[in-house]
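Here my numbering is used: the sequence shown runs in plain steps of one and ends on residue 268. The structure appears right after this line, and notes come after that.
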Amino acid sequence: MDVEIPILKQEIEQDEEFVVVDSGDLREKVKLHDYRKIYSVPGLYEKIVYDLLECKSPRKVAELLEAEVQKEEGEPNELSVLDVGAGNGIVGEELSRIGVNDIVGIDIIEEASEAMKRDRPDIYSEYHVVDLTDLDSGVKENLEEKNMNCLVTVAALGFGDIPPLAFANAINIINDDSWVALSIKQDFLSDGDKSGFSSFVDELVEEDVLHIRNRESYVHRKSLRGKDLHYEAIIANKFQEIPDRIIENL
Numbered sequence: 019m020d021v022e023i024p025i026l027k028q029e030i031e032q033d034e035e036f037v038v039v040d041s042g043d044l045r046e047k048v049k050l051h052d053y054r055k056i057y058s059v060p061g062l063y064e065k066i067v068y069d070l071l072e073c074k075s076p077r078k079v080a081e082l083l084e085a086e087v088q089k090e091e092g093e094p095n096e097l098s099v100l101d102v103g104a105g106n107g108i109v110g111e112e113l114s115r116i117g118v119n120d121i122v123g124i125d126i127i128e129e130a131s132e133a134m135k136r137d138r139p140d141i142y143s144e145y146h147v148v149d150l151t152d153l154d155s156g157v158k159e160n161l162e163e164k165n166m167n168c169l170v171t172v173a174a175l176g177f178g179d180i181p182p183l184a185f186a187n188a189i190n191i192i193n194d195d196s197w198v199a200l201s202i203k204q205d206f207l208s209d210g211d212k213s214g215f216s217s218f219v220d221e222l223v224e225e226d227v228l229h230i231r232n233r234e235s236y237v238h239r240k241s242l243r244g245k246d247l248h249y250e251a252i253i254a255n256k257f258q259e260i261p262d263r264i265i266e267n268l
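Structure representation (structure tokens):
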């Protein structure tokens with residue numbers, strides 16, 4: 019299987035990026051955000067995003083989380099993590115590497131779950147294929163009963179993949195007095211943001227839902243033309259549930 023990065027005359031939107039995949043029998047254009055197709059081919063996601071485009075986000079967020087937990091004289095093995103937008107388990111693998119033993123994965127597509135079972139079957143204690151904007155009450159109750167004390171979502175917010183409402187519902191699943199670790203494209207936290215995340219994160223801080231412990235800019239990966247894509251990693255403490263009036267406005 020050969021993967022070719024196209025020659026582009028100008029930058030294109032991140033969710034429009036594509037590569038050309040040649041399997042020998044078929045040569046086709048595959049969008050980087052076409053997760054259904056990418057996850058169906060073993061190793062394709064890793065080859066594109068990590069080998070060719072040098073993605074650093076999972077390790078970066080895991081290491082920042084570890085550092086903040088240890089500042090509070092805790093250890094990662096004390097965390098019970100909800101991994102939102104878990105994909106085929108790369109983030110879970112990094113969490114396991116720093117010592118987290120209990121990880122529950124959530125993704126919205128079945129192909130992610132199948133890829134996880136194929137590629138990293140021993141990482142998650144449970145893995146659910148659910149839509150967090152329309153969460154079944156039984157699944158929600160099951161997740162809440164696990165008393166998870168940490169939410170992690172890496173490079174999955176924005177672009178329509180995980181909207182603010184889904185993120186809000188995930189935050190409300192974990193216990194109060196818990197950790198929240200996320201990474202998101204800097205554009206989605208800027209004054210000109212149209213995704214809704216900039217104002218939503220600001221509101222969570224203002225309402226004392228979240229207290230930010232560390233916030234760091236870093237290079238998520240390269241674009242197809244070699245440009246650094248800048249993301250923000252945020253490690254925070256969740257103090258309380260998000261009020262209904264905030265969720266109703268999402």
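C-beta: ideal position from N, C-alpha, C; glycine also. Predicted, not measured: the structure shown is a model, and the values here were computed from it.
Residue i (DSSP reduced to helix, strand or coil)
{"i": "N232", "result": "strand"}
{"i": "F185", "result": "helix"}
{"i": "Y57", "result": "helix"}
{"i": "D137", "result": "helix"}
{"i": "Y142", "result": "coil"}
{"i": "K27", "result": "coil"}
{"i": "G107", "result": "coil"}
{"i": "R243", "result": "coil"}
{"i": "A80", "result": "helix"}
{"i": "N271", "result": "Missing from the structure shown is residue 271; the chain here goes from 19 to 268 and no further."}
{"i": "A173", "result": "coil"}
{"i": "K203", "result": "strand"}
{"i": "G123", "result": "strand"}
{"i": "S75", "result": "helix"}
{"i": "D262", "result": "helix"}
Buried versus exposed, by CB contacts within 10 Å (16 or more), residue i
{"i": "M166", "result": "buried"}
{"i": "K135", "result": "exposed"}
{"i": "L26", "result": "exposed"}
{"i": "H238", "result": "buried"}
{"i": "S131", "result": "buried"}
{"i": "I230", "result": "exposed"}
{"i": "V39", "result": "buried"}
{"i": "E128", "result": "exposed"}
{"i": "E112", "result": "buried"}
Reference residue i; option with closest CA among the options
{"i": "Q32", "options": "P261, Y249, D262, Y57", "result": "Y249"}
{"i": "A85", "options": "E234, E259, S241, P261", "result": "E234"}
{"i": "K203", "options": "R231, N106, D246, L183", "result": "D246"}
{"i": "S114", "options": "E90, E91, E129, L83", "result": "L83"}
{"i": "N232", "options": "K89, P182, N190", "result": "K89"}
{"i": "A133", "options": "L62, K49, K74", "result": "L62"}
{"i": "S201", "options": "K74, K47, V59, R54", "result": "K74"}
Cβ contact check for the region 188-198 and the region 249-260: 3 or more pairs under 8 Å: yes
Decide if the region 78-98 is in contact with the region 144-155; the criterion is three or more beta carbon pairs, one per stretch, under 8 Å apart. no
With three or more beta-carbon pairs closer than 8 Å as the criterion, would you say the region 118-128 touches the region 82-101? yes
Between the region 87-99 and the region 167-180, do three or more beta carbon pairs fall short of 8 Å? yes
Under 8 Å, with one C-beta from each stretch per pair, do the region 171-187 and the region 211-221 reach the 3-pair mark? yes
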